[in-house]
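full-length UniProt numbering puts the first residue of the sequence shown at 1, with every later residue one more than the last.
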Amino acid sequence: MPQAIEVQCLKLHSGPKGTVALVYGTWFSPAPIMSLRSLLLVLTATTPVVRLSDSCTKDCCSTMSVNERTFICVKPDGVQRNLVGKIIARFEERGYKLIALKMMSASKAHLEVHYQELKDKPFFPHLIEYMSSGPVVAMVWQGLDVVKQGRSMLGATNPLASAPGTIRGDYCIQTGRNICHGSDSVESAQREIAHWFKPEEINDYDSPFIKTWVYE
Numbered sequence: 001m002p003q004a005i006e007v008q009c010l011k012l013h014s015g016p017k018g019t020v021a022l023v024y025g026t027w028f029s030p031a032p033i034m035s036l037r038s039l040l041l042v043l044t045a046t047t048p049v050v051r052l053s054d055s056c057t058k059d060c061c062s063t064m065s066v067n068e069r070t071f072i073c074v075k076p077d078g079v080q081r082n083l084v085g086k087i088i089a090r091f092e093e094r095g096y097k098l099i100a101l102k103m104m105s106a107s108k109a110h111l112e113v114h115y116q117e118l119k120d121k122p123f124f125p126h127l128i129e130y131m132s133s134g135p136v137v138a139m140v141w142q143g144l145d146v147v148k149q150g151r152s153m154l155g156a157t158n159p160l161a162s163a164p165g166t167i168r169g170d171y172c173i174q175t176g177r178n179i180c181h182g183s184d185s186v187e188s189a190q191r192e193i194a195h196w197f198k199p200e201e202i203n204d205y206d207s208p209f210i211k212t213w214v215y216e
């Protein structure tokens with residue numbers, strides 16, 4: 001059975017076409033998880049692989065990773081309190097690119113799918129009532145490490161545990177009125193974006209300003 005040769009670069013990238021593994025100087029085939037090398041084999045056995053032709057330069061890896069996307073939603077209380085513009089400004093000022101946005105009144109059925117992982121929690125009915133009580137603003141943001149950084153910018157789920165300078169730390173007090181939602185992982189972001197937006201609603205456009213003055 002073919003074995004993997006030395007791994008020069010392994011980078012998982014989540015983009016419009018799903019998750020791919022970027023590698024250089026290696027070739028993968030299924031193997032038992034007995035070492036780091038075989039772990040990489042199993043990982044990529046179910047993950048599309050893009051093999052870089054010469055080397056994994058900083059420019060190449062940077063170009064791929066800046067396409068990461070996250071789902072951010074301003075909840076009904078954030079809309080009612082006129083905080084939509086301030087929340088958008090936080091992400092724009094950080095250097096992230098807004099590629100989809102819409103205001104909508106989400107149905108309970110739609111919200112139940114979005115929050116399906118919480119359906120067994122005692123607060124689930126109240127959460128659905130709250131989220132369906134008024135319009136929300138759904139957004140997709142794109143940029144380097146945007147899922148993790150977006151969560152950091154929002155702050156803790158409990159606003160009282162959020163540091164000053166975060167969105168929740170600055171604008172809210174109670175968990176049940178924490179004004180915004182952000183994807184907690186790349187996988188969640190992919191699922192949530194697909195749930196809230198049609199492919200044609202995503203605007204994958206070029207921004208020379210961001211490309212030149214946000215990234216090296």
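A virtual CB, placed ideally from N, CA and C, is assigned to each residue, including glycine.
All of these numbers come straight from a predicted model, not from anything done at the bench.
Assigned exposure category for residue i - 16 Cβ within 10 Å defines buried
{"i": "Gln190", "result": "buried"}
{"i": "Phe91", "result": "buried"}
{"i": "Thr44", "result": "Bear in mind that the predicted position of Thr44 carries a pLDDT of just 46, short of 50, making it too unreliable to give a figure here."}
{"i": "Gln142", "result": "buried"}
{"i": "Trp196", "result": "buried"}
{"i": "Ser65", "result": "buried"}
Close Cβ partners of residue i (< 8 Å) along its chain, the five nearest in sequence each way excluded
{"i": "Gly135", "result": "Note that residue 135 corresponds to Pro in the displayed sequence, not to Gly. Contacts found: Pro76, Val79, Met103, Met104, Ser105."}
{"i": "Leu118", "result": "Phe124, Leu127"}
Between the CA atoms of residue j and residue i - distance to the nearest angstrom
{"i": "Glu6", "j": "Gly182", "result": "With a pLDDT of only 39 at Glu6, under 50, the local geometry of the prediction cannot be trusted, and the value read off the model is given with reservation. Near 37 Å, if we compare the C-alpha coordinates of Gly182 and Glu6."}
{"i": "Asn67", "j": "Leu144", "result": "7 Å"}
{"i": "Pro122", "j": "Ile179", "result": "20 Å"}
{"i": "Thr175", "j": "Leu154", "result": "13 Å"}
{"i": "Pro164", "j": "Gly95", "result": "20 Å"}
{"i": "Ala21", "j": "Arg81", "result": "For Ala21, the predicted structure reports a pLDDT of 47, less than 50, and the residue's modelled location is therefore unreliable. The matter cannot be settled from this model."}
{"i": "Gly169", "j": "Arg151", "result": "12 Å"}
{"i": "Gln116", "j": "Tyr215", "result": "36 Å"}
{"i": "Lys198", "j": "Asp120", "result": "28 Å"}
{"i": "Pro159", "j": "Leu111", "result": "22 Å"}
{"i": "Glu93", "j": "Val113", "result": "32 Å"}
{"i": "Val74", "j": "Trp213", "result": "27 Å"}
{"i": "Gln149", "j": "Gly85", "result": "19 Å"}
beta-carbon residue i near the ligand FAD non-hydrogen atom, thresh 7 Å
{"i": "Val79", "result": "What this structure holds is no ligand at all, so the ligand FAD is not there to describe."}
Contact under 8 Å by Cβ, residue i with residue j
{"i": "Asp69", "j": "Val140", "result": "Correcting the residue type first, residue 69 is Arg in the shown sequence and not Asp. Yes. Within cutoff."}
{"i": "Tyr205", "j": "Leu83", "result": "no"}
{"i": "residue 296", "j": "Glu201", "result": "A question about residue 296 goes unanswered here, because the residues of the chain that appear run from 1 up to 216."}
{"i": "Ile87", "j": "Leu98", "result": "no"}
{"i": "Val146", "j": "Ser185", "result": "no"}
{"i": "Ile193", "j": "Phe71", "result": "yes"}
Chain-order list of residues whose beta-carbon lies under 7 Å from that of residue i (same chain, five-residue window excluded)
{"i": "Lys108", "result": "Ile128, Ser132"}
{"i": "Thr166", "result": "Met153, Leu154, Gly155"}
{"i": "Ser162", "result": "Gly155, Ala156, Arg168, Gly169"}
{"i": "Ile203", "result": "The amino acid at residue 203 is misidentified as Ile; the sequence shows Asn. Cβ within range, chain order: Ile99, Ala100."}
First and last residue of the uninterrupted alpha helix (DSSP H) at residue i
{"i": "Lys148", "result": "146-154"}
{"i": "Phe91", "result": "84-94"}
Beta-carbon contacts of residue i that lie in its chain and below 6 Å, excluding the five residues immediately before and after
{"i": "Ile210", "result": "Lys97"}
{"i": "Arg177", "result": "Asp77"}
{"i": "residue 233", "result": "The structure shown has nothing for residue 233, since the chain only spans 1 to 216."}
Unbroken beta strand (DSSP E) run spanning residue i, endpoints
{"i": "Leu98", "result": "97-104"}
{"i": "Gln190", "result": "Per DSSP, Gln190 belongs to no beta strand (DSSP E); it is in the alpha helix (DSSP H), 186-196."}
{"i": "Ala138", "result": "136-142"}
{"i": "Phe123", "result": "Phe123 -> no beta strand (DSSP E), and no H or E assigned at all."}
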